[in-house]
Every structure is written in structure tokens, then in C-alpha cells.
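So in our numbering, spot 125 of the sequence shown is number 155, and the numbers just go up one at a time.
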Amino acid sequence: MASKKLTAEKLQYFEELIRKELQESMQYIENINKEQSVGARESSGDLSSYAYHQADQGSDTNYMEHTVMMMESEREKIRLLNDAMRRIQDGTFGNCEMCGELIPDTRLQIIPYATLCIECKEKMETKKRKQRR
Ligand SMILES: [Zn+2]
31 MASKKLTAEK
41 LQYFEELIRK
51 ELQESMQYIE
61 NINKEQSVGA
71 RESSGDLSSY
81 AYHQADQGSD
91 TNYMEHTVMM
101 MESEREKIRL
111 LNDAMRRIQD
121 GTFGNCEMCG
131 ELIPDTRLQI
141 IPYATLCIEC
151 KEKMETKKRK
161 QRR
């Protein structure tokens, strides 16, 4: 099982890819944080803007909920990307956690933090579906 490994070049390529995605995700969260602190400053004190915000509150709440959801999924992605980075360091990156086979490059290019090959992922999903019934 241990004989199947990604080449050093490929590992380097995916390390770059993961680092880039990590940066993008962190930038995204940073932007939202900035946006929210600006919004909080604008709505403090000024009564006319308060009234405006009151009228618009419904959609504001939806927007906030949406933003919180996006941030949650982005944070989860960061966690998964950090895990993938750790697997690159300890040399287990690219191997399926269930069968130990190499995960195809094409899959890793789309989801660099994937831990299962397509076959095992499908098996897992079928199992989950069955459990739900
Ligand atoms: Zn597998």
C-alpha cells in the first residue's frame, strides 16, 4: 500500500494549489469581516440611516444569514485544506483513506482536499443513503 505515492513534482504542484486556495478562502473571510465592521459603523447614531435599515431589515437578515453560512463553509474548507497540507507533509496526500489507492489527479485538481477516491466516495454515499432509510 505504501508503494503508491505521488511524485515529488506532483506533490509540489498540489501544495501550491492548496496554498492558493487557502489564501483565497482567508481573503474571502477577511473581506466579509471588513464589510461587516463598515456596516456597523454606518448604522450607528444616524437616525435617517436607522429608518432605512429598519425598512430593509428583512432582506438584511437574509443577507446576514447567507453571509454567515458562506463563512461557515469557507471556514470548513480552510480546515480541510489545512488537513490536506498536513497530509502533504507526512506523505499520505493523494492516497484514498479507505482503499489506499491513488486518488486520480483530475479529482485532486478540482478538490485538492479530497480524502477518498471516486469509487470509495460513491460507496460511502450509497451506504449513507441506505442508513437514512
Ligand atoms: Zn478508494
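Glycine is no exception: its CB is placed at the ideal position from the N, C-alpha and C atoms.
A144 is the residue among K35, N125 and A144 whose C-alpha sits nearest the C-alpha of L111.
Taking a cut-off of 8 Å on C-beta distances, the segment 60-67 does not touch the segment 146-162, as fewer than three cross pairs fall below it. Taking a contact as a CB-CB distance under 8 Å, the pair E131 and I59 does not count as one, their CB atoms being some 34 Å apart. In this structure, ligand 1 has no non-hydrogen atom nearer than 6 Å to the beta-carbon of E155. Beta-bridge pairing by DSSP links L132 to N125.
Secondary structure of K35 (DSSP, three-state): coil.
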